[in-house]
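Heads up: the structure comes next, in structure tokens.
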Amino acid sequence: YGFSDWRVTTHSRDSWTVQADLELKEYVDGTLVKHNFIRWPLRIVRYDIDAERNPWKLAIDCFDGPAREIQFNEAQEKEQ
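Here's what the structure looks like:
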């Protein structure tokens, strides 16, 4: 939850890899059948686009590696 320095790797002035943690819940007929936390490394790039539509001028370029399942522990997150 939120920003931490370790989540961002700078490659150049115009590109970064961001470690995005996502929570995935799957339901069947209203019953939770799967609950995972997944870390996706996303490549973010500076993008020449209309500043009114995207004031940060950033875009997700691609995945920067495979996703991996993580064990989310709020105490660990606060330590990093």
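Numbered by this note's numbering, the letters in the sequence shown go through residues 194 to 273 in order. Each residue gets a CB set at the ideal place from its N, CA and C atoms; glycine is no exception.
Exercise. Assuming R236 and D207 make a contact with CB atoms under 8 Å, what is their CB distance in whole Å?
Worked result: The C-beta distance from R236 to D207 rounds to 11 Å, too long to meet the 8 Å contact threshold.
Exercise. Helix or strand or just coil, what does DSSP make of R232?
Worked result: Looking at R232 - three-state DSSP - the assignment turns out to be strand.
For this session: Using only alpha-carbon positions, find the residue among W233, T224 and S197 that is nearest to R261.
Result: Looking at the Cα atoms, W233 is the closest of the given residues.
For this session: Spell out the partners DSSP gives A252 in its beta bridges.
Result: BP columns for A252 point to V238.
For this session: Count the other CB atoms, across all protein chains shown, that sit within 10 Å of the CB of W209; report buried if there are 16 or more and exposed otherwise.
Result: Residue burial annotation: W209 is buried, with at least 16 other C-beta atoms found within 10 angstroms of its C-beta.
Problem set entry | Which residues DSSP lists as bridging R209, in chain order | First, the amino acid is wrong: residue 209 is Trp here, not Arg. Paired residues: T203 and I237.
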